[in-house]
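Just so we're aligned: 349 in my numbering is position 22 of the sequence shown, and the numbers increase by one with no gaps anywhere. Even for Gly, the Cβ is constructed at its ideal location relative to N, Cα and C.
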Amino acid sequence: MSNIIELSTRRAACAPENVRPIDFPVTGRQRAGRQRNPLRHPCHSVSHAVTIAGKIRRGEALRTDPFLDEGALLWKGVEAARLLLGELFELAVKQSGSVGQ
């Protein structure tokens, strides 16, 4: 006798007859979004940094365990935001011709 439980068999036994699984396809646009626009790459780091900055503003302690050092993530987000700002600034100046239009 085996101690292994076949999950697919167990799920099939638990699912009601009138319920069928839904397949959520990923579109090509979703898959290619970050590949076509490299400016999206730093956004994830910036988003984490904004979340951590919110914790700091609320006076919450940051995690510094080996698995998640929020202080290091904050600095990584700062650098990503700096690079993103530089790229966006250059593109805006190139598009409009000058700053402040």
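Taking the alpha helix (DSSP H) that residue i falls in, what are its first and last residues?
i, result
"F416", "E397 to S423"
"G386", "It is not in any alpha helix (DSSP H) - G386 carries neither H nor E in the DSSP assignment."
Is it buried or exposed for residue i, if we count other Cβ within 10 angstroms and need 16 for buried?
i, result
"L415", "exposed"
"L395", "exposed"
"L418", "exposed"
"L401", "buried"
"I349", "exposed"
"I379", "buried"
Return the chain-ordered list of same chain residues with a C-beta closer than 8 Å to the C-beta of residue i, the five sequence neighbours on each side being excluded.
i, result
"K403", "S372, H375 and A376"
"P369", "A407, A408, L410 and L411"
"R363", "none"
Leaving out the 5 sequence neighbours to the left and right, which residues in its chain are closer than 6 Å to residue i when beta-carbon positions are compared?
i, result
"L389", "E397 and G398"
Can you tell me whether residue i is helix, strand or coil according to DSSP?
i, result
"I379", "helix"
"R363", "helix"
"H371", "helix"
For residue i, I'd like the list of residues in its chain whose CB is within less than 7 Å of its CB, leaving aside the five on either flank, ordered along the chain.
i, result
"V405", "A376"
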